[in-house]
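Right, one structure below, let's go through it.
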Amino acid sequence: MSKIVILTGAGISAESGIETFRAEDGLWAQHRVEDVATPEGFMRDPELVVNFYNARRAQAAEVSPNAAHKALAQLEAEYDGEVVVITQNVDDLHERGGTQTLYHMHGHLKGALCASCGHRWPAPMVMQAGDTCPSCKAPAARPDIVWFGEMPYDMERLFDHLAQADIFAAIGTSGNVYPAAGFVAEARSNGAHTIEFNLEESAVGNQFAEHRTGPASQTVRKWVDELLGK
Ligand code: NAD
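Letter by letter, the sequence shown follows residues 1350 to 1579 in our numbering.
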């Protein structure tokens, strides 16, 4: 049975209306990464960080999965083999599009995490700085997002999947953030065919055997039709 492992990044959600990390407008452009996406930034100003993710959570709730998210769910449902989606995104557009086997390696806007004891629970729509942990009662609730300098989730299982991949596809990711940017090399060294879907070649683009250039809603839709023989 063949296995397809797919890594997605902010680019797959761009056509749903969530701006990418490097877009020149929107939520990210108004803040420095060091302030809102590092543990040190959270320690310095928890209110700023919690409010930033409250705004992103509200924005994610207003948008809908696009044709690329839906195509990947159809691939998983109809492909005669295994499909695993690994996302760096913290929105829930893959699950709302119907994907079942999904890893949120950089965490999730819908999650809260205790900075003191590590307990995880569903986040309210609006978190407050100093919210208490339901387990240890410390006033240490934070968004369950993997920040720069922190270890992504499920790495051991993700590398197992990469080792078994016959096809590895990266969709809408700039190849600047490791360890995800290293997945193509890992999959290729294990013999996978590698395909990049992007508007332009990414920072690790030269490591892919095949490139499909254009908006993910079109290129991914077409690829899925090919794989399903439609
Ligand atoms: P990135 O912003 O660095 O790169 C996005 C990539 O997508 C770029 O290479 C761009 O050319 C491409 N792209 C843009 N629109 C596209 C489209 N319509 N079709 C195909 N490709 C398109 O994002 P990244 O590589 O995911 O890494 C940045 C970090 O920021 C990650 O850790 C991620 O968790 C976080 N982030 C997440 C979200 C989200 O959850 N939706 C949004 C912004 C940033």
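From the three backbone atoms N, C-alpha and C, an ideal C-beta is built for every residue, glycine too. As the structure is a computational prediction, the values presented were derived from the model and not from experiment.
- The Cβ neighbour count for K1419, taken over all protein chains shown within 10 Å, is at least 16; the residue is labelled buried.
- Taking the Cβ atoms as the reference, G1360 lies roughly 6 Å from A1565, within the contact range of under 8 Å.
- Distance from A1490 to T1481 at the Cβ level is roughly 7 Å; contact confirmed, criterion being Cβ atoms closer than 8 Å.
- Of the residues assessed, Q1423 falls on the buried side of the cut-off, its CB having 16 or more other CB atoms within 10 angstroms.
- In this model, N1415 and L1548 are separated by some 16 Å (Cα to Cα).
- Boundaries cannot be given for W1377, as no alpha helix (DSSP H) includes it and DSSP labels it neither H nor E.
- Counting C-beta pairs with one atom in each stretch, the region 1375–1387 and the region 1432–1441 have fewer than three that are closer than 8 Å, which means they do not touch.
- Of all C-beta pairs linking the region 1456–1476 to the region 1376–1383, fewer than three are shorter than 8 Å, placing the two stretches out of contact.
- Counting only runs of 4 or more residues that sit fully inside the region 1412–1455, the alpha helix (DSSP H) segments are 1416–1427, 1442–1446, in chain order.
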